[in-house]
Structures are given as structure tokens and as C-alpha cells.
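The structure appears below as C-alpha cells.
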Amino acid sequence: MARGIKSVKVSKPRGFAAMDRKLVSEIAKKGGQAAHKAGTAHEFTSEEARIAGRKGGQVTHQRRAAQLQATAKHTN
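Position one of the sequence shown corresponds to residue 1 (full-length UniProt numbering), numbered consecutively onward.
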């Protein structure tokens, strides 16, 4: 290897990332249908969805506030 030159290993997508999106969608669809038939699928109630959305929003706002504070410290 020549001096100053670093080799970069380029990784190729594997698994679902390497598949056609339509094929991945079909596989996921079959998995969802099988879970419903087996009775193991989870369906969110509107209350569960509301709580999950609220939690996600809170985390997003906390991260944004922390970033703004960090930026303010560096600029002062």
C-alpha cells in the first residue's frame, strides 16, 4: 500500500436492503397476514397511537432544544 493512501472497504447491501422493494413489501405483507392468522399481531388502539405519538414528539423537541443549547454555547 502506498503511503498516505487508505483503502476504503465498500460494503454492498445485504439481506432485505439488497432486494427489490416490491419483493420486500410482499414478504412483509405475508408476515403480517400470518401474524394476524396466528393471533400474534398487534393492532394499536387510537389511545395507544396517541401516547406513542406524544412520546415521539417529546423526544424530538428535547433533542432539538439540546442542539440549540449546544450551538448557543459554541457561538458565545
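Think of the CB as a built atom: it goes at the ideal place given N, C-alpha and C, for glycine as much as any other residue.
- Task: Give every residue of the same chain whose Cβ lies closer than 7 Å to the Cβ of R21, excluding the five residues on either side of it in the sequence, and list them in chain order.
- Result: Same-chain partners within the cutoff: there are none.
- Message: Helix, strand or coil for F16? Go by DSSP, reduced to three states.
- Response: helix
- By how many angstroms is the C-alpha of M19 removed from the C-alpha of P13? 9 Å
- Query: Does F16 come within less than 7 Å of chain C when only Cβ atoms are used?
  - Reply: No chain C appears in this structure, which consists of one protein chain only.
- Are A35 and A41 touching if we call contact CB-CB under 7 Å? yes
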